[in-house]
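Single-structure report; data block below.
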Amino acid sequence: MFYKAHRIWEKYYGSEQVAVDFAGREIRKSSYGNIFSRYNWDLHHIFPKSKCGSNDEENLLCVHVLTNREAADKTSFWANDQAFEVVLSKRKTRMLGKKVYRIREKESWLD
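Per full-length UniProt numbering, the sequence shown starts with residue 1, numbered consecutively.
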């Protein structure tokens, strides 16, 4: 899993050693899986595995462990005091010929 995690990191962040996940939490490449680091991160399934999401790279993001815990296996969730939702990426779905999802900030919980 270490190799795949670092491959996903490089896909999104290139050679950067420090990044910020979608919820605004700082993560560091060297802290992957380090439970003693405040910058510990993990791979997050955009469309949850429990809802038949895949392990494809298009469905994985590098996120802080707290963000991962808060998102859990939900498609609408709060992380770092912000509301998010998982939505179908129509453009990428057309390009790749398979369903691809993305996470966006949710504008209102009343929608």
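Just so you know, even glycine gets a beta-carbon here, dropped at the ideal spot from N, CA and C.
Keep in mind it's a predicted model, so treat the numbers as computed, not measured.
- Message: Going by DSSP, what residue range makes up the beta strand (DSSP E) through E57?
- Response: Run containing E57: none; DSSP gives neither H nor E here.
- Go ahead and pull the three-state DSSP assignment for V100. coil
- Item | Residue(s) in a DSSP beta bridge with F77 | F84
- Query: Okay, do the segment 38-46 and the segment 91-99 touch, 3+ Cβ pairs below 8 Å being the bar?
  - Reply: no
- Query: DSSP beta-bridge partners for V20?
  - Reply: E26
- Query: If you check the beta carbons only, do F47 and Y12 fall under 8 Å apart?
  - Reply: no
- Should residue 175 be labelled buried (16 or more other beta-carbon atoms within 10 Å of its own) or exposed? This structure does not reach residue 175, given that the chain is present from 1 up to 111, and the question cannot be answered.
- Query: Should F2 be labelled buried (16 or more other beta-carbon atoms within 10 Å of its own) or exposed?
  - Reply: exposed
- Considering only residues of the same chain and omitting the five flanking positions on each side of Q17, which have a CB-CB separation below 8 Å? R28, K29 and S30
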